[in-house]
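Okay, so the sequence shown: first residue is 172 according to the working numbering, each after it adds one. We treat Cβ as the ideally placed atom computed from N, Cα and C, and that holds for glycine. Beneath this line is the structure, given in structure tokens, with notes to follow.
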Amino acid sequence: MTVFGDAVNSIWDGLAHAWDWQALAQDRGDGITYIQWWLSAWGWTLTVSVLAFFVAMLFGTMMGILRTTPSRFWSAIGNVWTELFRNIPLLVQIFLWYHVVPAFFPAFQKINGVILVIFALGFFTSARISEQVKAGIDALPTGQRYAGLAMGLTLTQTYRYVLLPRAFRIVIPPLISESMNIVKNSSAVHAVISVELAFFFLQAVEETSKPLMILVLATFPYVVSTIAVNKLIQLIEKRIQIPGLLLGGKS
């Protein structure tokens with residue numbers, strides 16, 4: 172019984188050390204506690220994700236539109252953009268934007284590195300959104316384009332007032348996935364900047380020697396953030412969806 176009791180006590184002491192949540196209130200030596208650092212990293216992760224999603228939506232929509240225009244020139248530009256940013260791994264794109272682009276273009280050296288990685292993440296995601304916008308436009312009856320033109324609308328006005336409003340309502344389900352993916356993919360920026368959750372995990376584990384506790388702490392924001400984004404866009408989907416015209420098998 173003594174041997175068994177000693178083993179239980181040893182396991183309990185190990186768990187107590189591994190899950191010492193009070194350690195999060197300790198000062199790291201720079202006037203900031205681990206819990207403050209964690210909250211700051213969570214905030215930066217959300218900031219990078221939201222801004223990158225806006226970049227992705229802007230450029231992804233533009234390229235998706237270009238790929239459906241009658242012009243071979245503009246269609247080729249949209250296709251090249253999509254293939255380029257879709258086929259280069261995200262981590263490579265982050266390194267290119269953070270290290271290579273400023274070296275070749277001195278003007279970019281004045282731009283904060285966080286902004287550069289936001290564009291890297293946004294452009295990477297824009298290639299996927301381009302595919303979805305193109306699919307949404309292609310899913311519409313071709314007569315709608317001709318009807319808009321026949322009414323005297325220009326091609327730009329036809330896209331703006333006829334095609335895009337319906338196309339976006341069709342592609343909401345895949346956009347939900349992309350909005351969640353961009354939060355998770357933001358973890359890759361830890362390779363070049365030290366403000367987000369993945370870097371917090373790596374550094375905090377080294378400083379505290381409590382990998383399990385820090386892993387749970389770093390994982391929690393990703394779970395909460397992605398679920399929140401999912402529910403928000405699903406709420407929007409229910410309000411504006413077109414029954415029978417949703418990509419991804421919904422009706």
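| Item | Value |
| --- | --- |
| Classify Gly202 as buried or exposed, calling it buried when 16 or more other Cβ atoms lie within 10 Å of its own Cβ. | exposed |
| Check for me: the alpha helix (DSSP H) holding Ala209 runs from which residue to which? | Per the sequence presented here, residue 209 reads as Trp, with Ala not at that position. Looking at the DSSP string, the run of the alpha helix (DSSP H) that includes Trp209 is Tyr205 to Leu237. |
| Buried or exposed for Glu254, please, with buried defined as at least 16 other CB atoms from any protein chain shown within 10 angstroms of its CB. | exposed |
| Pull up the distance between the alpha-carbon of Leu287 and that of Val221, whole angstroms please. | 14 Å |
| Counting pairs of beta carbons, one from the stretch 258-275 and one from the stretch 204-212, are three or more of them closer than 8 Å? | no |
| Tell me the DSSP bridge mates of Val309? | The sequence shown places Asp at residue 309, not Val. Per DSSP, none; premise fails for Asp309. |
| Give every residue of the same chain whose Cβ lies closer than 6 Å to the Cβ of Val424, excluding the five residues on either side of it in the sequence, and list them in chain order. | With the chain covering 172 to 422 only, the question about residue 424 has no answer from this structure. |
| Does DSSP classify Arg410 as helix, strand or coil? | helix |
| Residues in its own chain within less than 6 Å of Ile343 by CB, not counting five upstream and five downstream? | Glu408 |
| Measure from the alpha carbon of Ala359 to the alpha carbon of each residue in Thr232, Leu262 and Gln197, then state which is nearest. | Leu262 |
| Note down the Cα distance separating Tyr330 from Val226, rounded to an integer number of angstroms. | 20 Å |
| To the nearest angstrom, how far is it from the Cα of Phe294 to the Cα of Phe256? | 7 Å |
| Taking 7 Å as the limit between beta carbons, can you name the residues of its chain near Phe339, skipping five residues before and five after? | Gly307 |
| Count the CB pairs spanning the stretch 373-387 and the stretch 234-250 that are closer than 8 Å, and state whether there are at least three. | no |
| If you measure between the beta carbons of Ile385 and Phe372, is that distance less than 8 Å? | yes |
| Counting C-beta neighbours from all protein chains within 10 Å, is the total for Tyr317 16 or more, i.e. buried, or is it exposed? | exposed |
| Please go through the stretch 232-310 and give each complete alpha helix (DSSP H) segment of 4 or more residues, from N-terminal end onward. | 243-258, 261-266, 272-275 and 284-309 |
| Between the alpha carbons of Val366 and Gly284, how many angstroms are there, rounded? | 11 Å |
| Just the Cα atoms here: how many angstroms apart are Val394 and Met322? | 48 Å |
| Taking all protein chains shown into account, decide if Pro392 is buried (16 or more other Cβ within 10 angstroms of its Cβ) or exposed. | buried |
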